[in-house]
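Chains as they are written, first to last, in the working numbering: chain A, 922 to 1034; chain B, 2 to 114.
See below:
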């Protein structure tokens, strides 16, 4: 079974703090994604990576950055957390080739005060 | 513009009352359509992939079908444990080599005992 893990299930941070969310997958997948999910807005893509050290902006990259130093690990960084970044953050991975099914981690619920 | 629309937004059924969820899509070409189940506070769980019109997939009480414009998720004799949000996503042909999906907002299903 594909396993995608996220570093925290719940996180509370203060406005202005730098926040790191980590995601690890154990299936040697090429592609990894970070989404945020908010009521009424659905899943919105923040960033994705199709290879080590390669990244592309998604639909809402402002206020976020990412790092992919190793194939199995994809980190999302909130440079200076703001209250409008309070959300559920979901990481996903997908193999290369024809299979584009995305496998998700359990999510991190982030509250910024 | 590529778009995925799910209906209804919410559905309440009695245990044993069969029904269908709809996912209509507007994309230039379809590489794949995906159904996911999401329980509250958790990451989406993959259910099915459909690739071409006429294709059907089944798993327990769930059956997914695909036409050129929409997909249905049929739920036969549902049980309370089928209560969840069901998400639909498409992988358009013009996505190139990336694996970006276009997501619907989901249908929230509640099955009463």
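Cβ coordinates follow ideal geometry from the N, Cα and C atoms, glycine included.
Sub-8 angstroms separation of residue 1024 of chain A and residue 47 of chain B beta-carbons: In this structure, residue 47 of chain B lies closer than 8 angstroms to residue 1024 of chain A by Cβ.
Counted within 10 angstroms of its Cβ, other Cβ atoms place residue 33 of chain B as buried (16 or more) or exposed: Its Cβ being crowded by 16 or more others within 10 Å, residue 33 of chain B is buried.
Straight-line Cα distance separating residue 948 of chain A from residue 1030 of chain A: Those two C-alpha atoms are separated by around 24 angstroms.
Touching by the beta-carbon criterion (3+ pairs, under 8 angstroms), the stretch 1012 to 1026 of chain A and the stretch 30 to 44 of chain B: Yes, the stretch 1012 to 1026 of chain A touches the stretch 30 to 44 of chain B.
is_contact[residue 73 of chain B, chain A] using C-beta, thresh 8 angstroms: By this cut-off, residue 73 of chain B is not an interface position.
Within chain B, the residues that residue 932 of chain A reaches when beta carbons sit closer than 8 angstroms: Near residue 932 of chain A there are no residues of chain B at all, since even the closest Cβ is about 14 angstroms away, more than 8 angstroms.
Residues that residue 60 of chain B bridges to, as DSSP identifies them: Beta-bridge analysis with DSSP links residue 60 of chain B to B/63.
Spatial distance of residue 1033 of chain A from residue 946 of chain A (CA atoms): Take the alpha-carbon of residue 1033 of chain A and the one of residue 946 of chain A: they are about 26 angstroms apart.
Check whether residue 1012 of chain A and residue 925 of chain A have beta carbons under 8 angstroms apart: In contact: residue 1012 of chain A and residue 925 of chain A (Cβ atoms closer than 8 angstroms).
CA-to-CA distance, residue 100 of chain B to residue 29 of chain B, given in whole angstroms: Taking the CA atoms as reference points, residue 29 of chain B sits about 16 angstroms from residue 100 of chain B.
DSSP-derived helix/strand/coil call for residue 25 of chain B: Three-state result, residue 25 of chain B: strand.
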